[in-house]
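Data first, discussion second: the structure below is written as structure tokens.
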Amino acid sequence: MPAYSQNYLPRLQAYQDELLERLELLVNIDSGTGQVAGINHIMTYLERWLGDLGFTVTLHDSASFGQNLVARLKGKGEVRLLLVGHVDTVYSAGAVAAQPFEVRDGLAYGPGVIDMKSGVLMGMYALRVLLETGFEEFGELCFVFNNDEETGNCSTGRYRAGAGVLSFFRGCDEGAQRGR
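In terms of the working numbering, the numbers along the sequence shown are unbroken and rise by one, the last being 431.
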């Protein structure tokens with residue numbers, strides 16, 4: 252096992268139950284593209300959770316698609332890190348009632364688990380663990396969570412571009428499936 256994983260893996264494992272509870276909460280909210288109430292509901296949770304980690308969070312309204320979220324945290328280094336994710340899904344209203352969140356055989360299922368509510372949370376928890384260990388060697392950490400990725404990001408590109416124009420590194424928190 253690499254040395255860094257000995258430091259961080261136990262910390263991440265300690266949050267597994269909390270992460271799954273939050274994943275269930277987010278997945279059990281219908282949030283297909285254009286389902287404004289559901290998307291805004293999810294963004295309210297993310298705003299609170301990122302605020303608890305010390306991020307300055309701004310919500311940007313879109314009448315057609317719901318809110319977009321930009322969260323920023325200043326560090327003591329130079330490198331800027333931008334993590335991009337989305338909370339909209341391809342599922343129609345009512346999908347959660349037909350297929351609610353569940354964990355079966357160690358795998359999570361439900362609308363948006365893979366694409367990409369788990370990825371949004373994994374990015375948050377990875378940075379949470381780094382911050383808890385005193386990591387500050389970054390100029391700025393920035394999350395951008397948008398509301399319309401499933402239809403091509405037509406209303407949200409400016410938030411990603413504005414947040415990342417000077418970024419050294421940009422990543423996407425898209426989840427992964429076993430066997431792929």
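C-beta atoms are modelled at their ideal positions from N, C-alpha and C, and glycine is treated no differently.
With a 10 Å radius around its C-beta and 16 neighbouring C-beta atoms as the bar for buried, classify residue i as buried or exposed.
| i | result |
| --- | --- |
| E387 | exposed |
| E269 | exposed |
| G385 | exposed |
| G283 | buried |
To the nearest angstrom, how far is it from the Cα of residue i to the Cα of residue j?
| i | j | result |
| --- | --- | --- |
| L378 | Q350 | 30 Å |
| R331 | G285 | 31 Å |
| I293 | Y360 | 18 Å |
| E383 | A344 | 38 Å |
| G336 | N397 | 6 Å |
| Y296 | Q257 | 30 Å |
| E391 | G326 | 6 Å |
| N319 | K368 | 14 Å |
| V371 | V287 | 18 Å |
| F316 | F352 | 23 Å |
| V395 | F306 | 12 Å |
| R363 | L310 | According to the sequence as given, residue 363 is Gly; it is not Arg. Rounded to whole angstroms, G363 to L310 spans 21 Å at the Cα level. |
| V278 | S313 | 21 Å |
| E298 | V321 | 9 Å |
So, at 8 Å on beta carbons, what are the nonlocal neighbours of residue i in its own chain, with the 5 sequence-adjacent residues on each side left out?
| i | result |
| --- | --- |
| W300 | R273, M375 |
| L304 | L324, M375, L378, R379, L382 |
| I280 | G289, H292, I293, V347 |
Tell me whether residue i sits in a helix, a strand or coil according to DSSP, three-state version.
| i | result |
| --- | --- |
| T340 | strand |
| T309 | strand |
| N291 | helix |
| V354 | strand |
| P261 | helix |
| E388 | coil |
| L457 | The displayed coordinates of the chain run from 252 to 431. Any statement about residue 457 would go beyond what the structure contains. |
| V321 | strand |
| V330 | coil |
| G361 | coil |
Please list, in chain order, all residues of the same chain as residue i whose beta carbon is under 6 Å from its beta carbon, the five residues on each side excluded.
| i | result |
| --- | --- |
| F419 | Confidence is the limiting factor: at F419 the pLDDT is only 45, short of 50, which leaves the residue's position unreliable and the question unanswerable from this model. |
| G302 | V308 |
Tell me which same chain residues have a C-beta within less than 7 Å of the C-beta of residue i, skipping the five on either side of it?
| i | result |
| --- | --- |
| D356 | none |
| Y266 | Y376 |
| E400 | H337, D339 |
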